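Encoded as structure tokens, the structure appears first; notes follow it.
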Amino acid sequence: MIIVSNIVSFLLLTYIANSFLIKKYSKEKSFIYFFLAIITISVFNYNGGSPIKAIFILVIYFIYTFLLFKGDIIKKLLVIIPYFLIQIITELLVGFILGHISIIELTRNVLSSGYVFGIVISIIISILFTFVYVYILNNIKFHYFPKYTWLIFILPIITIVLLIDVDDYFKLFNSHINIFVNIIGLALSNLILFIIFLLVINSSNIKIELKIEKQKKEFIKSKVKLLSQHYDYNFQFLHNLLHTCNELNMLLNNSKTKEAMNLLNQLTETTYKEFNAIYSNSFILNYVINNNLNQIIENKIDIKTVIEYNLFDIFDFDTQLSLFEYLLDISINSCLKSDIKNRIIIIKSGIYANNIFLKLTIPDQSINKNEIENELMKFLDNISYSLSIKTLSCSYVDIAIFIKNNN
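Residue numbers for the sequence shown follow numbering that gives the first Met the number 0, beginning at 0 and rising by one.
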């Protein structure tokens, strides 16, 4: 009957793991590991339980789960610790119940009817717990684990250590019922706190998902707005182009070739500058530039973008938008204050020495490094970055932000 109990225990552990983790191996190879684990446990645990054997079984659970399944360590612990704790609680409950049924002889003889009856009850309780626990796990979102998640295992582990340290708990609990009530209450409280902790994590994950959905919604709205801006701009551009073409046609009809060439060169230059202004390799930067396009064109500001790296997924949508708006704002203001003839803003991004860099080249108009650092802290909070401001020899300044690339 011990062997049957071991098989059922590993089947239930496997069921929980399959519901929560991903298998590493094929069914055939997984069955071989399952069979080896059963043989190992059965040989070691043939004559009944003891504290040392309980520790050994827990170690086998860890090896079995970590060897056969993929997933975060936290997720694997969420499979092993609660299941092992309920096994101990079940064994204590069964021992207490059998000790108070006079018609059943309480013995450690694995072949006795009382021992077999106890194992059957233990299996039934374990099966019920397993289905309830799997139901809870399947209805809790575990996409993001808070940094404090490991705290969830402290009390259950302490309880497990205390319970497996008791050797003859049959005799102890039956002679001191208050000890039984206290320990069972402690163990059950741990399980309840464990479930509450899982629900807190679930609530936190739901909030994160809602935030992501909100950002997606805002992103879609921004796309719609950007498309509308593109339509308005394209309409205006085509209207101006049609007007310019008419002028060219009139000049050519009047044999004013020189004036026509000048107008064509002007059209080419305008088209080139405005295309560079509205197109970059970053959707959010495109959006920000388009929002300020009228001001850029009216003040004859040229924008050049070299976005070699646009995976700024370390920021959420709002942060990226706010960061680019701030950087473009200081760039435009610097151009407006500048007396130089060619007002140019150059925006670059890429990877350098395992760092993501975002660099602005703008007219040098008394850039305040401390002020920029204070503003950037609002966007780059909890992110490791460095700021470099370097004055160039041509009345321009480089503002470079270096962010540690963890990919």
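No residue lacks a Cβ here, since even glycine has one placed at the ideal position from N, Cα and C. Note that the structure is a prediction, hence the values are computed from the model and not measured.
Where the beta strand (DSSP E) containing residue i begins and where it ends
i	result
residue 290	Where residue 290 is concerned, there is no enclosing beta strand (DSSP E), although the alpha helix (DSSP H) it sits in stretches over 282–290.
residue 347	342–351
residue 357	354–362
residue 384	384–390
residue 397	395–403
residue 301	300–306
Span of the alpha helix (DSSP H), counted from its first residue to its last, around residue i
i	result
residue 317	316–336
residue 38	26–43
residue 375	368–378
Which listed residue (the options) has its alpha carbon closest to that of residue i
i	options	result
residue 408	326, 92, 127, 351	The structure shown has nothing for residue 408, since the chain only spans 0 to 406.
residue 133	52, 236, 11, 235	11
residue 122	9, 315, 348	9
residue 77	152, 37, 28	152
residue 411	311, 256, 270, 376	Here the chain covers residues 0 to 406 and nothing more, so residue 411 does not appear.
residue 267	54, 243, 286	243
residue 292	254, 95, 228	228
residue 289	261, 340, 251, 233	233
residue 63	51, 246, 40	40
residue 82	206, 13, 347	13
residue 402	182, 314, 345, 344	314
residue 186	353, 80, 17	80
residue 138	71, 197, 60, 332	197
residue 162	283, 231, 53	53
residue 35	2, 51, 15	2
residue 409	393, 381, 371	Summary: the structure shown does not reach residue 409, with the chain confined to residues 0 through 406, and so no result is reported for it.
residue 323	348, 340, 343	348
residue 354	404, 213, 160	404
residue 146	184, 224, 204	204
residue 270	248, 296, 250, 257	296
Contacting residues, own chain, Cβ-Cβ under 6 Å from residue i (five flanking each side not counted)
i	result
residue 4	118
residue 120	93
Own chain partners of residue i with C-beta closer than 8 Å, once the 5 adjacent residues on each side are dropped
i	result
residue 189	84, 154, 155, 158
residue 374	325
residue 391	360, 363, 397
residue 126	7, 11
residue 217	316, 317
residue 131	none
residue 252	none
Chain-order list of residues whose beta-carbon lies under 7 Å from that of residue i (same chain, five-residue window excluded)
i	result
residue 321	378
residue 395	360, 361, 362, 363
Contact with chain B by residue i, beta-carbon distance below 9 Å
i	result
residue 262	Checking the listed chains, one finds no chain B in this structure; it contains a single protein chain.
Is it the case that the region 23–41 contacts the region 82–90, given that we only count it when at least three CB pairs across the two stretches are under 8 Å? no
Okay, do the region 294–302 and the region 358–373 touch, 3+ Cβ pairs below 8 Å being the bar? no
Which complete alpha helix (DSSP H) runs does the region 239–279 hold, if anything under 4 residues is left out? 256–277
Check whether the region 383–390 and the region 331–340 are in contact - that is, three or more C-beta pairs closer than 8 Å. no
Within the chosen definition, does the region 28–41 reach the region 56–71 through at least 3 CB pairs nearer than 8 Å? yes
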